[in-house]
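Residue numbers (full-length UniProt numbering): 1 to 195.
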């Protein structure tokens, strides 16, 4: 029996199997059978994100009901959405108290409502944005606008002419919208004044 030798294929199989066993035991990542361990903070954060997504789609549904359904189905946004669409979303029991809504905490050293955030500069209106102040006062009557539109019907092969025609049309549209809005506001004031 001392003459027996280990064959090369048998030796290769033993090495491969032992390598796979070592890899499985020491170097395997989270497998589908073992979900990664999540902390309570991560779960709350993911649940809040899910609630915000659902409330963006269905603002009429209250946050408490959404949280209740997400807690019952394991955080599945799709099944909660399907229940809302089907009208089968259950109201949570009185004993269910969801965690308070997490907002950005103010920086330390600020004294609550006394510390205001600086206001964002508002977007300028279209009249200011496109420098149409002088054209507002000199707004053309309807007959001149129709003539300008008729002469602008042909499409020019010159790029600068096309650009100026498009800018003129944009300006005319903005001024026409302004006139309509002013007429609407005047009509509303007249209706309020008569009542």
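Beta carbons are placed, not taken as given, at the ideal position from N, Cα and C, and that holds for glycine.
- Per the coordinates, the alpha-carbon of residue 53 lies some 10 Å from the alpha-carbon of residue 66.
- The criterion of a C-beta distance shorter than 7 Å is satisfied by residue 61 and residue 84.
- At the C-beta level, residue 51 and residue 38 stay beyond 7 Å of one another.
- C-alpha of residue 188 to C-alpha of residue 137: approximately 22 Å in a straight line.
- Of 97, 45, 59, 41, the smallest CA-CA separation from residue 68 is found for 97.
- Membership of residue 80 in the alpha helix (DSSP H) is indicated by the continuous run 77 to 86.
- The alpha-carbon separation between residue 95 and residue 193 amounts to approximately 53 Å.
- Residue burial is scored here from C-beta neighbours: residue 80 has at least 16 other C-beta atoms within 10 angstroms and is therefore classed as buried.
- C-alpha of residue 23 to C-alpha of residue 99: approximately 42 Å in a straight line.
- In this structure, DSSP gives residue 125 a state outside helix and strand, which the three-state scheme calls coil.
- For the 7 Å CB-CB criterion, residue 101 and residue 174 do not form a contact.
- Classified as buried, residue 89 has 16 or more neighbouring CB atoms from the shown chains inside 10 Å of its CB.
- About 7 Å separates the beta carbon of residue 46 from that of residue 75, a gap short enough to meet the 8 Å contact definition.
- DSSP places residue 9 in the helix class (H, G or I) of the three-state scheme.
- Pairing residue 166 with residue 176, the inter-Cα distance amounts to about 15 Å.
- Shown here, residue 138 sits in coil according to DSSP, grouped into three states, outside any helix or strand.
- Bounds of the alpha helix (DSSP H) holding residue 178 are 159 to 194.
- Rounded to whole angstroms, the gap between the alpha carbons of residue 21 and residue 11 is 16 Å.
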